[in-house]
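Chemist:
2 protein chains.
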Amino acid sequence: MPKNCNFIEKLREVGLRPTKQRIKICEVLYNREKTFHFTINDLVKMISEKMNEKISLATVYNTVHAFEKKGYLKEISIDSHKSYFDTNTSAHHHFFDEDTHELIDCDESDIDKINIRKNITGKKINSVEVLVRVASDNQTQK
Amino acid sequence: MPKNCNFIEKLREVGLRPTKQRIKICEVLYNREKTFHFTINDLVKMISEKMNEKISLATVYNTVHAFEKKGYLKEISIDSHKSYFDTNTSAHHHFFDEDTHELIDCDESDIDKINIRKNITGKKINSVEVLVRVASDNQTQK
DNA sequence: CAATAGTTTAGAATTATTATAATGTAGATT
DNA sequence: AATCTACATTATAATAATTCTAAACTATTG
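As they're listed, the protein sequences go chains A and B. Okay, so the first sequence: first residue is 1 according to the working numbering, each after it adds one. Okay, so the second sequence: first residue is 143 according to the working numbering, each after it adds one.
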């Protein structure tokens, strides 16, 4: 599996030293078909359970934040007191299932382009994101 | 100032006992021209500094959450690890200034109605909210 | 292969929030 | 108005997520 070579290069490209830990984390995050969402906790679990590897919690935090800063990951705010990250770094919207606390990506076609009419002087728009909260049909709504 | 009477009644209407503390918090939150955004921390500071009153942190949390459940307040997710609340409980969108960490309300007219084409079976849409992140024009973007 | 600058680590510290259990109080009942 | 009871408030402890610290380690440079 020369797959890791890609990660080493990718890391170097953006100025991150390709350490054992960072490569391991890349594998967990990017050696897969589809992009996905996770919390730091999820990631730590995946590393220890699926890869049978132990990376210090602090390192996982550091690495995830380094990745985020470099554009390898995107942070998503839904739930206060929990940080979700997304390996899909392109601009896109989300559904959030309030029953299961599951995040679901929207396709481009799911939501029309958002037109912002307001302009804040001296400020530029960095992103426009929609969060659609859904819940069970028959349940008392939050 | 018979203003508090309104709060007492308002609280009663939704089945919350009008306690000294809840009325005090109502005063801080609603005796003002415009709606505004705050964190629990902000609120505690306002109570102790502006009103020279001491309400236990636990009570502030309980009360804010009680208000939220009853529709007096709306929670807004922007920043993980900080809960923002909004005294404007109507459905509306926000700008978030990434430089100052300030939340700014959007008017109805600022953003067109969002059309959601996706449908998740068995789930109903609870809310659709747009967050527009802005930052200084001349600054390296996040 | 030594120097050094950045990295990892365990554990402590911090911050936001929730739980606990004792005390207090609003509103109903007498 | 005194009493009762359910709900509220409080200080404090507990928990959870995250960040800090300082020592040990390692990738890269010269």
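Glycine is no exception: its CB is placed at the ideal position from the N, C-alpha and C atoms. Fair warning: this is a prediction, and the values are worked out from it, not measured in the lab.
State yes or no: is the C-beta of Q21/A within less than 7 Å of the C-beta of I55/A?
Modeler: Yes. Within cutoff.
Chemist: Please tell me whether N115/A has its Cβ less than 7 Å away from any Cβ of chain B.
Modeler: Yes - at least one Cβ of chain B is within 7 Å of the one on N115/A.
Chemist: At a CB-CB cut-off below 9 Å, which residues of chain A make contact with S232/B?
Modeler: Neighbours of S232/B on chain A: none; closest Cβ ~16 Å, over 9 Å.
Chemist: Run the CB neighbour count on K265/B, radius 10 Å, all protein chains shown included, and call it buried at 16 or more, exposed below.
Modeler: Classification of K265/B: buried, given that the 10 Å Cβ count is 16 or more.
Chemist: For V270/B, collect the residues of the same chain with a Cβ closer than 6 Å to its Cβ; drop the 5 residues on either side in sequence, then sort them by chain order.
Modeler: Correct list, in chain order: I256.
Chemist: Extract the residue ranges of the beta strand (DSSP E) inside the stretch 39-101 of chain A, only unbroken runs of 3 or more that lie entirely within it.
Modeler: As far as the stretch 39-101 of chain A is concerned, its whole beta strand (DSSP E) runs of at least 3 residues are 74-76, 84-86 and 94-97.
Chemist: Helix, strand or coil, according to DSSP, for V270/B in the structure here?
Modeler: In this structure, V270/B counts as strand in the three-state DSSP scheme.
Chemist: Would DSSP call L158/B helix, strand or coil?
Modeler: L158/B falls in the coil class under three-state DSSP.
Chemist: Rounded to whole angstroms, what is the Cα-Cα separation between T181/B and E9/A?
Modeler: Distance between the alpha carbons of T181/B and E9/A is about 42 Å.
Chemist: Determine the contact status of L215/B and V202/B, defining contact as a CB-CB distance below 7 Å.
Modeler: In this structure, V202/B does not lie closer than 7 Å to L215/B by Cβ.
Chemist: When DSSP builds the beta bridges, which residues end up paired with D247/B?
Modeler: DSSP, once it has assigned bridges, lists H236/B as partnering D247/B.
Chemist: DSSP three-state call for R117/A: helix, strand or coil?
Modeler: DSSP places R117/A in coil when its eight states are reduced to three.
Chemist: Do we get a CB-CB distance below 7 Å when we pair E68/A with the residues of chain B?
Modeler: Closer than 7 Å: no.
Chemist: For a contact meaning CB atoms closer than 7 Å, what does S127/A contact in chain B?
Modeler: Simply R275.
Chemist: Checking 7 Å against the spacing of the C-beta atoms, do L245/B and H179/B come in under that value?
Modeler: Yes. Within cutoff.
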